[in-house]
Structure formats: C-alpha cells, structure tokens
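These notes are about the structure you will find just below.
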Amino acid sequence: MDPRAADLLGRAIIGQLGFHGLDGYPHVLPVWYEYRAGDVLIASPPGTYKARALTKDGRAALSVSTVERPYWIVSVVGDAVVEPLPEKERIEFISAIAPRYLGPVAGRHYIDSWSKGGHPGEGELIRIRPVTIRFYVS
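Quick note: the sequence shown, position 19, residue 152 per my numbering, numbers continuous.
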C-alpha cells in the first residue's frame, strides 16, 4: 500500500461508505471508521439499513479525501462482514473513536449522551477486508 494511503486512512476524516442497497441501487453514507490491522472497522447500532444491506451483499467501498488541494484520495474496495458487537466492546470502540473525530471535550459529551447511562446495548461491527486500496492525487 502507498504510505500516503496508510497516512490518510489513519486520519480522522469522515469516510464515505458505498454499498448495494436492499433496493438494488448504490448507496453512499458518511461514517466514522477506524483502519486497524488492515481492516476498515465501522460500528453501527443493531439492524441498521447499511448493516442489513451489507449482510445481503458484502461488496463495499470506502473513500476518504482531504479537503484542500492537492486532494489526496484513498479508495478502498473490499468484502464486508457484519459481526455482533457486544456492549463492552461497543463502548470501547465508540469511546476511542468519538474523541478522534470530535476532539476530547465534544467526544466526551457525545459518549455521555450516546451511552444511555452506561448501557447503550449491543451493536454491530462492519468489517471491510480490502481487496484493493488505491491512492490518488487530484
């Protein structure tokens, strides 16, 4: 992988998750993600549209780009699996990712609101195993 792609995937940039919807049309949604050990990880509440669609058809893509020129762009295409995310692991994941995207203070406020008194319940983890990772400069 191009080291610039690894750098970009490690940044707190909103990803654009692409997948085939249950209606057969392509869908793209903004997501928080973490790139860990070669996989793209996305936490989700149970039963969301994206998780149901990816369970039916696991082909997925994630794109990430900078907002200033020259634009750095990473495109990840791979196979997604939807896994159960027990409450304890879900809390750990969100507690790590929220401050990454929102900063420490806003991240803490988000976690306090999201955690529903410390019991947000179980969730799902969308794991994209990349087939290709491409880096572009535009």
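Virtual Cβ for every residue (Gly too), placed ideally from N, Cα, C. Predicted model, so just to flag it, every value in this text is computed and none were measured.
(1) According to the neighbour-count rule (16 or more other Cβ atoms, all chains shown, within 10 Å of its Cβ), is ALA301 buried or exposed?
(2) So for LEU187, helix, strand or coil by DSSP?
(3) In its own chain, which residues sit with a C-beta less than 7 Å from the C-beta of GLY191, not counting the 5 before and 5 after it?
(4) Express the C-alpha separation of ARG185 and LEU155 in angstroms, rounding to a whole number.
(5) Figure out for me which residue from THR199, VAL207, HIS242 and THR181 has the closest Cα to the Cα of GLY256.
(6) Residue range of the beta strand (DSSP E) that PRO163 falls in?
(7) Rounded to whole angstroms, what's the CA-CA distance from ARG202 to TYR168? Just pull it up for me.
(8) So, using beta-carbon positions, are PRO266 and VAL197 closer together than 8 Å?
Working from what's here:
(1) As displayed, the chain neither begins before 134 nor continues past 271, which places residue 301 out of reach and without an answer.
(2) Translated into positions along the sequence shown, residue 187 becomes position 54. Helix.
(3) Your numbering for residue 191 matches position 58 in the sequence shown. The residues are ASP212, ALA213 and VAL214.
(4) As a working mapping, residue 155 is identified with position 22 in the sequence shown. As a working mapping, residue 185 is identified with position 52 in the sequence shown. So the alpha carbons of these two residues sit roughly 8 Å apart.
(5) What you label residue 256 is simply residue 123 of the sequence shown in a count that begins at 1. The option with the nearest alpha carbon to GLY256 is THR181.
(6) Residue 163 sits at position 30 when you count from the first residue of the sequence shown. First-last of the beta strand (DSSP E) with PRO163: 159-164.
(7) Here residue 202 refers to the residue found at position 69 of the sequence shown. Here residue 168 refers to the residue found at position 35 of the sequence shown. Computed Cα separation, rounded: 24 Å.
(8) As a working mapping, residue 266 is identified with position 133 in the sequence shown. As a working mapping, residue 197 is identified with position 64 in the sequence shown. In the sequence under discussion, the amino acid at residue 266 is Ile, which differs from the Pro named in the question. No, the Cβ-Cβ distance between ILE266 and VAL197 is not below 8 Å.
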